[in-house]
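Trainee:
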Amino acid sequence: MAAISPLRQRLLDDMAVRRFSRETQRNYLRDVGRFATFLGRSPHTATVEDVRQFQIAQNAAGMPTPTMNAIVSALRFFFTQTLDRPDLARRLVRVAQPCNLPVVLSRDEVARLLNATVCLKHQAALSVAYGAGLRVAEVAALK
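Anchor point for the sequence shown: position 20 equals 20 in full-length UniProt numbering, and the numbering is continuous, going up by one each time.
1) Provide the residue span of the alpha helix (DSSP H) that contains K121, from first to last.
2) My understanding is that F79 touches A70, with C-beta atoms under 8 Å, so please give their C-beta distance in whole angstroms.
3) Measuring only the C-alpha atoms, how far is V103 from G133?
4) Can you grab the Cα-Cα spacing for the pair Q25 / L101, in whole Å?
5) Are L114 and S127 close, meaning C-beta to C-beta below 7 Å?
6) For A74, I'd like the list of residues in its chain whose CB is within less than 7 Å of its CB, leaving aside the five on either flank, ordered along the chain.
7) Which complete alpha helix (DSSP H) runs does the UniProt domain "Core-binding (CB)" (2-83) hold, if anything under 4 residues is left out?
8) Beta-carbon separation of V51 and R91 under 7 Å?
9) With a threshold of 16 other CB atoms inside 10 Å of the CB of C120, please say whether the residue is buried or exposed.
10) Does DSSP put A137 in a helix, in a strand, or in coil?
11) For P43, count neighbouring C-beta atoms within 10 Å of its own C-beta (all shown protein chains included) and say buried if the count is 16 or more, exposed if not.
Below, the structure is given as structure tokens:
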């Protein structure tokens with residue numbers, strides 16, 4: 001079995017002291033490893049420009065926004081807690097999550113939806129559900 005580097009052990013200890021879950025520890029190790037692989041050297045030697053280039057490369061590779069933000073969280077922890085390098089942590093940029101707005105039906109489409117049933121009770125239920133913006137699962141859960 002290969003020996004664990006002192007830096008990796010320190011990161012593990014820092015996470016254990018804070019009672020991070022096994023899953024979080026695994027994810028943080030993976031994400032710090034991604035950064036180290038990108039650098040091609042130990043991450044304790046990282047510079048502000050290295051951090052910048054890493055984030056540019058992730059964006060260029062089409063990394064999904066939630067993944068990029070998870071990596072930012074892991075690296076912030078690593079830089080501030082394990083390396084005591086808050087200067088690098090401050091340079092990490094969280095990516096804004098794009099807003100996915102729901103599709104709004106036209107008046108004609110709403111009329112066709114409500115008129116799809118002849119039962120007044122069902123029309124009322126559909127009208128309330130649509131007007132309240134309920135999702136299908138929420139409507140199905142109504143009693």
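Where is the CB? At the ideal position from N, CA and C, for every residue including glycine.
Here the structure is a predicted model, which means the values were calculated and not measured.
Mentor: Answer, in terms of the structure:
1) Looking up residue 121 in the sequence shown gives position 121. It spans 120-132 - the alpha helix (DSSP H) in which K121 sits, taken as one unbroken run.
2) The residue labelled residue 79 in the question sits at position 79 within the sequence shown. The residue labelled residue 70 in the question sits at position 70 within the sequence shown. Contact flag wrong, Cβ pair sits at about 15 Å.
3) Numbered from 1 along the sequence shown, position 103 holds the residue referred to as residue 103. Numbered from 1 along the sequence shown, position 133 holds the residue referred to as residue 133. Each residue's alpha carbon lies about 11 Å from the other.
4) Position 25 of the sequence shown, counted from the start, is the residue given in the question as residue 25. Position 101 of the sequence shown, counted from the start, is the residue given in the question as residue 101. Cα to Cα, Q25 sits roughly 34 Å from L101.
5) Taking the sequence shown and counting its residues from 1, the one referred to as residue 114 is at position 114. Taking the sequence shown and counting its residues from 1, the one referred to as residue 127 is at position 127. Their beta carbons are under 7 Å apart, which means L114 touches S127 by this criterion.
6) To locate residue 74, count along the sequence shown from 1; it is residue 74. If you ignore the 5 residues before and after A74, its C-beta comes within less than 7 Å of the C-beta of N27, Y28, D31, V32, all in its own chain and listed in chain order.
7) DSSP assignment within the UniProt domain "Core-binding (CB)" (2-83) yields the following whole alpha helix (DSSP H) runs of 4 residues or more, N-terminal first: 6-17, 22-39, 48-60, 65-77.
8) Here residue 51 is taken as the residue at index 51 of the sequence shown, counted from 1. Here residue 91 is taken as the residue at index 91 of the sequence shown, counted from 1. The criterion of a C-beta distance shorter than 7 Å is satisfied by V51 and R91.
9) For the purposes of this step, residue 120 is identified with residue 120 of the sequence shown, where counting begins at 1. Reading off the sequence shown, one finds Leu at residue 120, where the question assumed Cys. The residue is exposed, with fewer than 16 neighbouring Cβ atoms inside 10 Å.
10) What you label residue 137 is simply residue 137 of the sequence shown in a count that begins at 1. Reduced to three states, the DSSP call for A137 is helix.
11) Reading the sequence shown from its first residue, position 43 is the one you call residue 43. It counts as buried.
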